[in-house]
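Undergrad: Just so you know, my numbering puts 171 at position 41 of the sequence shown, and the rest follows in order with no gaps.
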Amino acid sequence: MNTTARHGGRDLFYNRLKWFTIGIGAVALLIVARLVDVQIVRADQYEALADRMLTRPIRYLPAPRGRILDRDGRVLVRDEPT
Numbered sequence: 131m132n133t134t135a136r137h138g139g140r141d142l143f144y145n146r147l148k149w150f151t152i153g154i155g156a157v158a159l160l161i162v163a164r165l166v167d168v169q170i171v172r173a174d175q176y177e178a179l180a181d182r183m184l185t186r187p188i189r190y191l192p193a194p195r196g197r198i199l200d201r202d203g204r205v206l207v208r209d210e211p212t
């Protein structure tokens, strides 16, 4: 067995490991770039969006409950608006 065949598998492994590491590094770089974009570059825009979502006016609708009657039809509880 010659030295090229012996080291060929090892070289292939290290070549694949190198490209895998480069790929993981590229993905990590993309994630960091997105975090910088969201938290630093567009922070004011997202803060304004959050404020608009949290400070919507609330409309209260009347909710009449009706009366509660006993079996003879007498009113036990009636609705009183507050």
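For glycine and all other residues, C-beta sits at the position ideal for the given N, C-alpha and C.
Owing to the predicted nature of the structure, the values given are computational and were not obtained by experimental measurement.
1) What is the DSSP secondary structure of residue 191, counted as helix, strand or coil?
2) Going straight from the alpha carbon of residue 151 to that of residue 143, what length do you get?
3) Could you name the residues of the same chain whose beta carbon sits closer than 7 Å to that of residue 195, not counting the 5 residues immediately before and after it, in chain order?
4) Hey, residue 168 and residue 176 are a contact pair by Cβ (cut 8 Å); roughly how many whole angstroms apart?
5) Residue ranges of each beta strand (DSSP E) run of no fewer than 3 residues wholly in the region 154-201, ordered along the chain?
TA: Per the coordinate set shown:
1) DSSP, reduced to helix, strand and coil, places residue 191 outside both helices and strands of the structure shown, so it counts as coil.
2) Taken atom to atom, the span from the alpha-carbon of residue 151 to that of residue 143 is near 12 Å.
3) 209, listed in sequence order.
4) Yes, residue 168 and residue 176 are in contact; Cβ-Cβ is about 7 Å, under 8 Å.
5) Fully enclosed beta strand (DSSP E) runs of 3 or longer: not present.
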